[in-house]
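There are 2 protein chains.
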Amino acid sequence: MRKRRPTIIDVAERAGVSKSTAARALAGAESILDETRERVLAAAKAVGYERNHLAVGMRSGRSGMLGLVIPDITNPFWADVARGALDRAAEADVSLLVFSSDWDPAKEESHLRALRRARVDGAIVNPVSDALDDLDKFGLPFVLIGSSAERFADVSSVGSDITQAVELGLDHLVSKGHHAPTLIVGPKSRLARTRFLNAVQRHSIKRDVDPAQLIVEDGEYTLEGGRLAMLRLLDRPRLGHICVFAANDMMAIGAMMAVRERGLRCPEDVSILGFDGIPSGAFTFPGLTTIAKPGRDIGARAVESLFDEIEGRPEHGRVYMPCRLIDRASLADLSREPRKLAG
Amino acid sequence: MRKRRPTIIDVAERAGVSKSTAARALAGAESILDETRERVLAAAKAVGYERNHLAVGMRSGRSGMLGLVIPDITNPFWADVARGALDRAAEADVSLLVFSSDWDPAKEESHLRALRRARVDGAIVNPVSDALDDLDKFGLPFVLIGSSAERFADVSSVGSDITQAVELGLDHLVSKGHHAPTLIVGPKSRLARTRFLNAVQRHSIKRDVDPAQLIVEDGEYTLEGGRLAMLRLLDRPRLGHICVFAANDMMAIGAMMAVRERGLRCPEDVSILGFDGIPSGAFTFPGLTTIAKPGRDIGARAVESLFDEIEGRPEHGRVYMPCRLIDRASLADLSREPRKLAG
DNA sequence: GTGAAAGCGCTAACAG
DNA sequence: CTGTTAGCGCTTTCAC
């Protein structure tokens, strides 16, 4: 039997004013006698008053809560996004309701319903289902995040700048003397594959290397997928050093394992560049050179955009956050040695 | 300008019944004509009614929300805990408000206040400040998690079973022929250090090895801390193979790096056993053998306990969740070779 | 079995 | 500058 929490009435009574005066004082309104305000504030502190946000939300239509629906908080990238969102939200003194969709449309839908029932003021979601199409009639301000958000035109969304990232990676590669990297990309069905491939091709043309000559292997976006792809690559006839640009860090690490499995060495025999910036990349041997997605920034920017959306000044476009290179040890420096054929 | 959300009144009108009847039908009450219930349910679906949890919470005193305050969602262990809690909560159809304390007492306090204002039904927190002492007067059902929770007697808490974990590790070590591991532990000030050390000592005595002969190095609970400790260890005069049991995976990985740095090899020259079970351990070379804390189970169990607490059937004790061994490749098998001096 | 009415704690007119 | 009043949407007596 917990004792009743003090309400604004308790505060008002103790301060000898009316409910509304107390409310105004608590809200820090201007039109109030300094002396009255202080009396109310003192009373509030004395009784241990804490504003009931349920009641506030009910009356004002603002719950002070935001929803965040991401696939898996256990995945380092999404954890990073969540952290960014959490921090930015805390700054603005709003709370975040977090949910894991597990890439399951059914869960996503059920979580979205939960958010609506909770009367959150808006939601940030990495969409898995296409059913989010009629987002407008969803009755909730939205900001989409991640690459899957690009399917939805005219909804605010934020994600990494793949084009810039690929350019960054490719530039770094040529600075190390690698002019036409072999690509390990995701499965054919995935949108991300196309986007990655396109960016590489576009950039290759700019650098006068024929995209058609780029070797491409694909596999699942997993350790094993990368390992298998690398094994296949190693089975091909090849000449000298080989340089691999993997579309994600897990695949890159898998590739690294395949190299060791075949008795070869990284970076001496094969150079590997990853993409994601997962923490584990710091602990592989050699350390994985990779280009990191700005998860935290994405999360923070998403709540920022969501605030805009809620305030009624929507941008309704995609924001691309820049990636950065993490230079570790998985790339050989060939720039001082004789150039290879390509490039 | 978003259109007004349908309320229970809209449902009632459409079904041709009163507010209260509609409410009863929606709540699935017994005392209602089947026919009426169906009419109401149909009406609810027709108008797209979704219960307003703010209003429910206000009236019933149950917000259907729980709070989770952990140091850093970006830390794999805490992400795992969060995941467990998220899943269990979703199962019970309650939402989770998540906050990062960053080991900062000020943030912790402010988050706790936010939770109270949000009128969560209870909170799960990894306590950083000692000020949580008067938890009773906090006006909120609590379940504490993690090792720092052990400071608070007579509050429900759940954490890993360090004793069982150490026993598991030590047993595995002897099965591989290592009888008196060198310990790399945390800084003197930390409670966790003592607990770890105690467990090792207790178990050593049981196996007839004198705890006093165990070599102990300490350092920060970080990569660098582990590296430095290992370097110091390597500087000591030693005979043959050395086996290290690190109190956390980061330190273990740091130690591994130090070994390589000195031109030695793991596991041929030094065996390393970690403690935590972070994902990165799978990607080191060699893969880190470690004992994994059941983060997810801890999170799930914590919301379970919290439900009990809320329902008014508190256990008020600590629950210890068992750890498990992940056997990878950082331990040499000396069991077939001549025994070492110790043990 | 169903309806009418009260009230959870708060804010926002509207008076004074 | 401050008080009074009317709800926000829902559940819950208490009647009928």
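Taken in order, these protein sequences are the chains called A and B. Sequential numbering of the first sequence, starting at 1, is according to the UniProt record's numbering. Sequential numbering of the second sequence, starting at 1, is according to the UniProt record's numbering. Quick reminder that beta carbons are idealized off the backbone N, C-alpha and C, glycines included.
Contact between ALA82/A and VAL98/A holds, since their C-beta atoms are separated by about 7 Å, short of 8 Å. Residues of the same chain with a CB within less than 8 Å of the CB of ARG336/A, apart from the 5 flanking positions on each side, are GLY177 in chain order. CA-CA distance, PRO71/B to PHE77/B, rounds to 10 Å. If you check each beta-carbon in the segment 267–280 of chain A against every beta-carbon of chain B, the ones closer than 7 Å belong to PRO279, SER280.
The segment 147–201 of chain B is shown to contain whole alpha helix (DSSP H) runs of 4 or more residues at 162–175, in chain order. In the three-state reduction of the DSSP assignment, THR74/B falls in the coil class.
Annotation: ILE278/A is outside any alpha helix (DSSP H) and is labelled neither H nor E by DSSP.
The beta carbon of PRO141/A lies closer than 6 Å to those of GLY122, GLU309, ILE310 in the same chain, with the five residues before and after it left out.
Interface flag for GLY139/B against chain A is set, since a Cβ pair is found closer than 8 Å. HIS316/A counts as exposed, since fewer than 16 other beta carbons sit within 10 angstroms of its beta carbon. Near chain A, meaning a CB-to-CB distance below 8 Å, the residues of the UniProt domain "HTH lacI-type" (6–60) of chain B are GLU50, ARG51, ASN52, HIS53, LEU54, ALA55, GLY57, MET58.
GLY28/B carries a coil assignment under DSSP once its states are collapsed to helix, strand and coil. Secondary structure note for ALA106/A: its alpha helix (DSSP H) is the uninterrupted segment 105–117. Nearest C-alpha to GLY67/A among MET58/A, PRO322/A, ARG117/A: ARG117/A. DSSP places LEU239/A outside both helix and strand once states are collapsed to three, so it counts as coil.
VAL98/B sits in a strand when the DSSP states are folded into three classes. PHE307/A carries a helical assignment under DSSP once its states are collapsed to helix, strand and coil. The segment 14–25 of chain B makes no contact with the segment 319–330 of chain A; the number of CB pairs closer than 8 Å stays below 3. In the structure shown, the three-state DSSP call for LEU273/A is strand.
Listed along chain A is no residue with a C-beta nearer than 8 Å to that of ARG88/B; the closest approach is about 11 Å. The CB of THR284/A comes closer than 9 Å to the CB of SER280, PHE283, THR284, PHE285 in chain B, given here in chain order.
Between THR74/B and chain A, the shortest Cβ-Cβ separation is below 8 Å. Approximately 6 Å separates the beta-carbon atoms of MET58/A and MET58/B; this is inside 8 Å, confirming the contact.
PRO187/B counts as exposed, since fewer than 16 other C-beta atoms from the protein chains shown sit within 10 angstroms of its C-beta. Within chain B, the residues GLU50 have their CB atoms less than 8 Å from the CB of ARG113/A, given in chain order. Following the DSSP letters along the chain, one finds GLY57/B inside the alpha helix (DSSP H) bounded by residues 53–60. Contacts between ILE253/A and chain B, judged by CB atoms closer than 7 Å, involve PHE283 in chain order. Per DSSP, the unbroken alpha helix (DSSP H) holding ALA42/A starts and ends at 34–47.
Contact annotation: ALA180/A and LEU214/A have beta-carbon atoms nearer than 8 Å.
Neighbours of ALA302/B in chain A, taken as residues whose beta carbon is under 9 Å from its own, are absent, since the nearest beta carbon is some 15 Å off. The C-alpha of ALA212/B lies about 58 Å from the C-alpha of VAL120/A.
Pairing ILE145/B with ALA302/B gives a Cβ-Cβ distance under 8 Å. For the pair ALA255/A and ILE326/A, the CB atoms are not nearer than the 8 Å cut-off. DSSP, reduced to helix, strand and coil, places GLY317/B outside both helices and strands of the structure shown, so it counts as coil. Interface residue (Cβ-Cβ distance to chain B less than 8 Å): ALA82/A is classified as such. With its beta carbon less than 8 Å from one in chain B, SER63/A belongs to the interface.
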